[in-house]
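Chains as they are written, first to last, in the working numbering: chain Z, 1 to 332; chain R, 1 to 397. We put the CB at the ideal spot given by N, CA and C, even for glycine. For reference, the structure discussed in these notes is given below.
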Amino acid sequence: MFQFEKQAVAENMMSAEIYYQQVVTSSWGSLNTSDEISGIHTVSTRRRGRMSQLIRSHIPPRTERMAVDQDWSSVYPTAAAFKPASVPLPIRMGYPVKGGVPPPKEGNLELIKIPNFLHLTPPAIKKHCAALRDFCTEWPSALDGDEKCEQHFPVEIETVDYVSAGTSIRNPKARIVTLRVKLSNLNLDDHAKKKLIKLVGKRYCKDTDVLTIITDRCPLRRQNYDYGIHLLTVLYHESWKTEAWESEKTEEDMEEYIWENSSSQKNALDTLLQIKATENVSNVTKEELLASEVVRNYRNSVIALKNEGETESNMSQYKESVKKLLNIQALP
Amino acid sequence: MLRSVKGFICRPLKLDHGYALHMAAKDCFSSVVSQDVQTPAEKPRAIFYTNESDPAQHSEQHEGRHYSIPLEEVKAVFPHGLPYRFQQQIKTFQEACVMVRKPALELFTYLKNSNFAHPVVRYVIYGERGTGKTMTLCHVVHFCARQGWLVLHIPDAHLWVKNCKELMQSSYNKERLDQPLQASFWLRNFRTTNEHFLKEIKTQQKYVWGKRDSTEQGRPLGEVVEQGLTRVKNASDAVGVVLKEIKQQCCLGSFRVLVAVDGVNALWGRTTLKKEDKSPVSPEELTLVYNLRKMVMNNWSGGAVVTTLSQTGSLFKPSSAHLPHELLGKEGFDALDPFVPILVPNYTEREFESCYHYYLHCRWLQHEKARTEDGKEELRFLSGCNPWQLERLSAPL
Numbered sequence: 001m002f003q004f005e006k007q008a009v010a011e012n013m014m015s016a017e018i019y020y021q022q023v024v025t026s027s028w029g030s031l032n033t034s035d036e037i038s039g040i041h042t043v044s045t046r047r048r049g050r051m052s053q054l055i056r057s058h059i060p061p062r063t064e065r066m067a068v069d070q071d072w073s074s075v076y077p078t079a080a081a082f083k084p085a086s087v088p089l090p091i092r093m094g095y096p097v098k099g100g101v102p103p104p105k106e107g108n109l110e111l112i113k114i115p116n117f118l119h120l121t122p123p124a125i126k127k128h129c130a131a132l133r134d135f136c137t138e139w140p141s142a143l144d145g146d147e148k149c150e151q152h153f154p155v156e157i158e159t160v161d162y163v164s165a166g167t168s169i170r171n172p173k174a175r176i177v178t179l180r181v182k183l184s185n186l187n188l189d190d191h192a193k194k195k196l197i198k199l200v201g202k203r204y205c206k207d208t209d210v211l212t213i214i215t216d217r218c219p220l221r222r223q224n225y226d227y228g229i230h231l232l233t234v235l236y237h238e239s240w241k242t243e244a245w246e247s248e249k250t251e252e253d254m255e256e257y258i259w260e261n262s263s264s265q266k267n268a269l270d271t272l273l274q275i276k277a278t279e280n281v282s283n284v285t286k287e288e289l290l291a292s293e294v295v296r297n298y299r300n301s302v303i304a305l306k307n308e309g310e311t312e313s314n315m316s317q318y319k320e321s322v323k324k325l326l327n328i329q330a331l332p
Numbered sequence: 001m002l003r004s005v006k007g008f009i010c011r012p013l014k015l016d017h018g019y020a021l022h023m024a025a026k027d028c029f030s031s032v033v034s035q036d037v038q039t040p041a042e043k044p045r046a047i048f049y050t051n052e053s054d055p056a057q058h059s060e061q062h063e064g065r066h067y068s069i070p071l072e073e074v075k076a077v078f079p080h081g082l083p084y085r086f087q088q089q090i091k092t093f094q095e096a097c098v099m100v101r102k103p104a105l106e107l108f109t110y111l112k113n114s115n116f117a118h119p120v121v122r123y124v125i126y127g128e129r130g131t132g133k134t135m136t137l138c139h140v141v142h143f144c145a146r147q148g149w150l151v152l153h154i155p156d157a158h159l160w161v162k163n164c165k166e167l168m169q170s171s172y173n174k175e176r177l178d179q180p181l182q183a184s185f186w187l188r189n190f191r192t193t194n195e196h197f198l199k200e201i202k203t204q205q206k207y208v209w210g211k212r213d214s215t216e217q218g219r220p221l222g223e224v225v226e227q228g229l230t231r232v233k234n235a236s237d238a239v240g241v242v243l244k245e246i247k248q249q250c251c252l253g254s255f256r257v258l259v260a261v262d263g264v265n266a267l268w269g270r271t272t273l274k275k276e277d278k279s280p281v282s283p284e285e286l287t288l289v290y291n292l293r294k295m296v297m298n299n300w301s302g303g304a305v306v307t308t309l310s311q312t313g314s315l316f317k318p319s320s321a322h323l324p325h326e327l328l329g330k331e332g333f334d335a336l337d338p339f340v341p342i343l344v345p346n347y348t349e350r351e352f353e354s355c356y357h358y359y360l361h362c363r364w365l366q367h368e369k370a371r372t373e374d375g376k377e378e379l380r381f382l383s384g385c386n387p388w389q390l391e392r393l394s395a396p397l
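And the structure:
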C-alpha cells in the first residue's frame, strides 16, 4: 500500500473511531441524562420487568372458562399428561402435611407421574365405537342373549391387539391367548370332573365353574391358540381315563366328605348295635339300621356339618339328630 | 376428699374381692344359674339368690339365680376343679355362689333321663371364651356328686400335654411316656373326692408294679391309689389301672360314673413336649392321654361323659377358634362322634341383672357410679354380657 493511501485509511479509521466514540458518548450521555433526570428509572424498569413477568402468569386457568356440558373429548382427545389448568376437578394427591391435607393439584408431580384415563370417558369411547362401526360386520341376530351365546359357543377365546406409535408394529404381548370354558358345558361324569379339577389346579374357579387356560409359550398367536385347544382336548380325555393308582385315593384326598365307610358311620352303627343288644332286640342287620330314618337324619347332618362348616343351624340340626339317634329325651 | 378416701380404703378390699368376684363371676356364668327363686317379696337378695342348694332340684324357675355351695363340700367335691379366679372369689366372699344357667339345666334333664344300660352318651360343652363352660361343668360335677356318682374330674387336660418337667419312659409299654407329677397330683385329688368309693370297688385282677410290689385281686381300689401316690414312678400306670377298673365295673350297675374332662381337645391336638432326642411327642404316646382317650369312648355303659372344649390353654390353636371342629380337629371329632353338642352363650339380660345385683350385694362394686342405672348399662356395654369380661371389669371397681 502507498503511504498516502495508508494515511487515508488511518484517517478514515480515525474518523470512524471518533465517530464511534461520539456515538457512544452521546448514547451514554443520553443514558446518563435519563439517569440524572430520574436516576431510579433503569432500576425500576428492571424490577417492573420481573414483576410484570410474575403478573403475567396470573391469567385465570382454562378451567374457569369451561362450561358444565362441554365436550370433554376435545379437552383430552388422546392420552396426555395431567394438566391441572385443564382439568376442572379439585383433586388433591400426595402425603399430607402434618395436621394438614394432601397437596392441591397445581404443580403436583404425583398427579402428572401416574397414568390417567381422562381421554377414555364413556362418551369418548362411544365416539370411538361409532368410528369403528364402519369397519365392523353385523352381530348375528340369532345370538341375542348370553345364554344363547354360551349354548352355541361354549369356548370363549380372548386375544388382545396392541397399536402404538413406534418404530415397529410388533408387540410381544399380542401372542397371549385366553381360553375360557364352563365345565357344565363339557360332557364329564363325577369322577372325570373331580380328576379334571385336580389336574388343572388354580385354573378352575369354583364359584363360577369356569376353567381358564392362558397360553403364551409360543411366539405366535395362532400357535398359542392351537396349543390351548390341544390342552383342553388332552385334559378332557385324560380325565375320563381311570388309572390303576387312583384306587389308592385316601380320605385326605377327597374333595368332599362321604359318610359311607367313614368313622362316623362306624361309630354310629356300633352304638346302635350296642343299644339294641341291651334291649335284647336281635337280628337287626346293618342294612336295616342304615335305612332307618334316624340314621338317615344323622348322616345328613354330619355331611352338612363337614362340607359346609359349622354354623348355628348345622350344629342344632346335628344335636337334634344325635338326640334322636341315641334316644335321649329332653323333657323331664 | 371423702370420696378419694373411700376409694383408697376400698381399693385393697377390692383387689381381694376382684379375684373372688372373677371367680364368682365365672361361677355365675357357667353352670350356676342360681336358683334364687326365693319369693321376690323378701329381701332384694332373693332376686338373684336361691336357697335351693341341691342341683338336682334346680329347674327353669331357678334360672338366673345364684346358689351357694357349702364350703366343706367345695373342698370335698372340687379339690382341683374350679377356675382359679373363682377360687379367689370364694376366698374373698367366704361363700361359693354359682349361677344356675340353661345349659346346665339342659344337661341335668339329659342325665336324669338317661338310660344307664345303653352305651354312655358324650356331651360336649362349647362356646366362646369366658362364657362359662368350666363353671357349667363344675355345676354338673356338683350335681352328680350330690347324687352319689363316682366323679372322674380332670380339671384341665391341657396340663397333661404341656410343661411337663419329668417325662419317663413307661415301664409297662416301652413306646409310651409317663408323667409322674401330673399323675400323682390327679390321684391325690381323685382320692379326696371319692373316698368312699375307693373302699368299695375291688380290683378284678392282679397288678404287679415291680419286683416287690403287687396288688392282689380283690383288694380295694384305694390300695392302687396309695401305691400310685407312694411310688410316684408308677403313678401314671396307677391312673391307667383305676380307669380300667372303673370302666369294667360300672357296667355292672352298682354305681354311676361321671367322666368330666375340661379341655378335651387337648387329647387330640399337639403337645409341646419333646423326647430326649428333641423329636415331638404326639398325644397318644403319653400314658395318661392314652388311658383317658379309652375312657372317653362310648364302649361302656352306666354313666355319662361330659366334656368341654377350651381354647385358653390349648396349643397351636387360634384364639378365635371355639367350634367343635376347629378345636377338636378331624381326629377328635371322629373319635367323639356321635356326641351331643351344648352351646354356652353369653349372659342373657336376666342373668346379667342377677350377676350385677349379686356383686352389689356382696359389696364388690364399690364405685359410686356403679350403683346407678348408667353404671349398669356401661358395664353391660363394656363387657358385652360376657361373664369373664364382666368379672374382670368389676374387679377394680
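Given this structure, state the Cα-to-Cα distance separating SER73 (chain Z) from ALA124 (chain Z), to the nearest angstrom.
6 Å
Closer than 9 Å, CB to CB, is ASN327 (chain Z) near chain R or not?
yes
Taking three-plus beta-carbon pairs below 8 Å as touching, is the stretch 109 to 126 of chain R in contact with the stretch 346 to 365 of chain R?
no
Quick check: GLU73 (chain R) and ASN386 (chain R), are their CB atoms within less than 9 Å of each other?
At the C-beta level, GLU73 (chain R) and ASN386 (chain R) stay beyond 9 Å of one another.
Is there a Cβ of chain R sitting closer than 9 Å to that of GLU260 (chain Z), yes or no?
no
Grouping DSSP H, G and I as helix and E and B as strand, with all else coil, what is ARG380 (chain R)?
Residue state, collapsed to three classes: helix.
Say whether chain Z places a C-beta atom closer than 9 Å to the C-beta of ALA117 (chain R).
Residue-level contact by beta carbon holds for ALA117 (chain R) and chain Z, with a gap shorter than 9 Å.
Considering LEU188 (chain Z), what are the terminal residues of the alpha helix (DSSP H) in which it resides?
Premise fails: LEU188 (chain Z) is in no alpha helix (DSSP H) and is neither H nor E.
Just confirm the distance between the C-beta atoms of VAL232 (chain R) and SER184 (chain R), as a whole number of angstroms; I'd bet it's less than 8 Å.
5 Å
Helix, strand or coil: how does DSSP classify ASP178 (chain R) here?
Taken through DSSP and simplified to helix, strand or coil, ASP178 (chain R) comes out as strand.
Are there three or more Cβ pairs, one per stretch, closer than 8 Å when the stretch 289 to 302 of chain R is compared with the stretch 227 to 243 of chain Z?
no
Is any beta-carbon of chain Z found at less than 9 Å from that of GLY216 (chain R)?
The identity of residue 216 (chain R) in the sequence shown is Glu, whereas the question assumes Gly. Closer than 9 Å: no.
Endpoints, the alpha helix (DSSP H) within which PHE339 (chain R) is located:
Where PHE339 (chain R) is concerned, there is no enclosing alpha helix (DSSP H), although the beta strand (DSSP E) it sits in stretches over 339 to 343.
ILE112 (chain Z) to GLN223 (chain Z), Cα distance in whole Å?
40 Å
Threshold first: 3 residues or longer. Then list the beta strand (DSSP E) segments lying entirely within the stretch 241 to 280 of chain R, N to C.
Counting only runs of 3+ residues, the beta strand (DSSP E) found wholly inside the stretch 241 to 280 of chain R occupies 257 to 262, in chain order.
For PRO220 (chain R), which beta-bridge partners are listed by DSSP?
R:LYS202
With a threshold of 8 Å on Cβ separation, who are the neighbours of HIS118 (chain R) within its own chain once the five nearest residues in sequence on each side are excluded?
SER301
Which residue from R:ARG371, R:GLU351, R:GLU285 and R:PRO220 puts its Cα closest to that of GLU60 (chain R)?
R:GLU351
Any idea what DSSP makes of SER301 (chain R), helix, strand or coil?
strand
Got a sec? Which residues, its chain only, sit under 7 Å from LYS324 (chain Z) by beta carbon, not counting five neighbours each side?
VAL294 and ASN297
On the criterion of 16 or more Cβ atoms from any shown chain inside 10 Å, does THR334 (chain Z) qualify as buried, or is it exposed?
Within the shown structure, residues of chain Z are numbered from 1 to 332, placing residue 334 (chain Z) beyond reach of any answer.
Which word fits LEU221 (chain R), buried or exposed, when buried means at least 16 other C-beta atoms lie within 10 angstroms of its C-beta?
buried
Closer than 9 Å, Cβ to Cβ, to anything on chain Z: give me those residues from the stretch 264 to 284 of chain R, in chain order.
With the criterion set as a beta carbon lying under 9 Å from some beta carbon of chain Z, the stretch 264 to 284 of chain R has no members that meet it.
Anything in the stretch 129 to 161 of chain Z with a Cβ closer than 8 Å to a Cβ of chain R? List those residues in chain order, please.
none
Using alpha carbons as the reference points, say which of R:ALA76, R:THR131 and R:TYR49 lies closest to LEU309 (chain R).
R:THR131
Helix, strand or coil for MET168 (chain R) per DSSP?
strand
Is ARG129 (chain R) helix, strand or coil by DSSP?
coil
Inter-residue Cα distance where the pair is ILE461 (chain R) and GLY313 (chain R):
Absent from the structure is residue 461 (chain R), since the part of chain R shown begins at 1 and ends at 397.
On the DSSP letters alone, give me the boundaries of the alpha helix (DSSP H) that THR237 (chain Z) sits inside.
For clarity, residue 237 (chain Z) is His in the given sequence; the question names Thr instead. Start and end: 221 to 240.
Using the rule of at least 16 other Cβ atoms within 10 Å of the residue's Cβ for burial, across every protein chain shown, is ASP134 (chain Z) buried or exposed?
exposed
Say whether chain R places a C-beta atom closer than 9 Å to the C-beta of LEU305 (chain Z).
yes
Mind checking if ALA268 (chain Z) is an interface residue toward chain R, Cβ cutoff 9 Å exclusive?
yes
Mind listing the chain R neighbours of THR278 (chain Z)? Cutoff is C-beta to C-beta under 9 Å, in chain order.
ASN115, ALA117, HIS118, PRO119 and SER301
Any C-beta of chain R sitting closer than 9 Å to the C-beta of LYS286 (chain Z)?
no
Do MET168 (chain R) and LEU177 (chain R) have their CB atoms nearer than 9 Å?
yes
Could you tell me whether the stretch 319 to 338 of chain R touches the stretch 359 to 366 of chain R, where touching means 3 or more Cβ pairs closer than 8 Å?
no
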